[in-house]
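Counted the way the working numbering counts, the sequence shown spans residues 51 to 283. Where is the CB? At the ideal position from N, CA and C, for every residue including glycine. These numbers were taken from a predicted model, which means no experiment stands behind them. What follows is a set of notes on a single structure, which appears directly below.
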Amino acid sequence: MTKYILLAITLLTTLISFAQGEVTGKIKIESVSKHELKYVLHIPANTMDKKPLIIFLHGSGEKGTDIEKVKTHGPFKYLKKNELDAYVLAPQCPDNEYWDTEVLYQLILKIQKENKIDARRIYLTGLSMGGWGAWNLAFAHPEIFAALVPIAGFVDRVPMIENCKIETIPIRIFHGLVDDVVDVNYSIAIYKKLRSCNKNIELTIFDDAGHDSWTRVYDNKEIYDWMFQQIKK
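Rendered as structure tokens:
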């Protein structure tokens, strides 16, 4: 009886060994995705000469289809009472989506093609979700931007790892110390990573600010003057 059991186990082991193996192959998938992105573009009074371009990415509260929402904060709010001798582009992120880096890149190319934009003076800024989007866009296409101003933004893992990819871009980071939406430590961490290779970077933490650390930045002429002074080599 024992002999038969051993024989059965041997046959089972042999069958299992014959069943094992591997295959190789490949799959080709062609995917076509469509994106629609609303935007508003401020055009300066004098368009005879090439002018700078400021790209502003709003936060999650301004998503949707009402394009007037993008004027709630940032440069377009500033433009209600002040002038900027520059193009200002504010796209609007659709509901249930987040900033798509490549869609934003294609929009920038379109705006450059259709207007007299100084390619050496393109500036990128954003708040909250827009700060996150600005970080990702800057890392995806560092060759475009002459300056970067992220405010109260989350920072993904890739920028933390590839920090020196934007070592030549002047950067001003702003965050509120008591921000209860996006932890200030994201800005502190990326600042510490970047300062090892980027010599033109500053982090400003407002001790008395929560998540809205952007109003005092965008309502102040100083940040626009600083951006306009940055020229890509």
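Residues of the same chain with a CB within less than 7 angstroms of the CB of Val232, apart from the 5 flanking positions on each side, are Ser178, Ala202, Gly203, Phe204, His261 in chain order. A check of alpha carbon separations from Val267 across Arg207, Phe278, Ile105, Pro125 identifies Pro125 as the nearest. Residue environment analysis places Tyr148 among the exposed positions, since fewer than 16 neighbouring C-beta atoms fall within 10 angstroms of its C-beta. The shortest C-alpha to C-alpha distance from Gly183 to any of Ala140, Asp168, Lys160 is the one to Ala140.
Each of Glu86, Pro102, His85 was checked against the Cα of Ala196, and the nearest Cα belongs to Pro102. In the structure shown, Asp229 adopts coil according to DSSP, grouped into three states.
Of the residues Leu187, Ile77, Lys249, Ile105, the one whose Cα lies closest to the Cα of Phe278 is Ile105. Considering only Ile117, Tyr155, Asn250, Val73, the residue with the shortest C-alpha distance to Ile219 is Asn250.
Taking the Cα positions, Glu118 is about 56 angstroms away from Val73. When rounded, the separation of the alpha-carbon atoms in Lys78 and Tyr128 is 49 angstroms. Relative to Thr97, the option among Ala136, His85, Asn132 whose CA is nearest is Ala136.
According to the DSSP assignment, Lys100 belongs to no alpha helix (DSSP H), since it is labelled neither H nor E. The DSSP-derived three-state label of Gly176 is strand.
Pairing Lys84 with Asp230, the inter-Cα distance amounts to about 35 angstroms.
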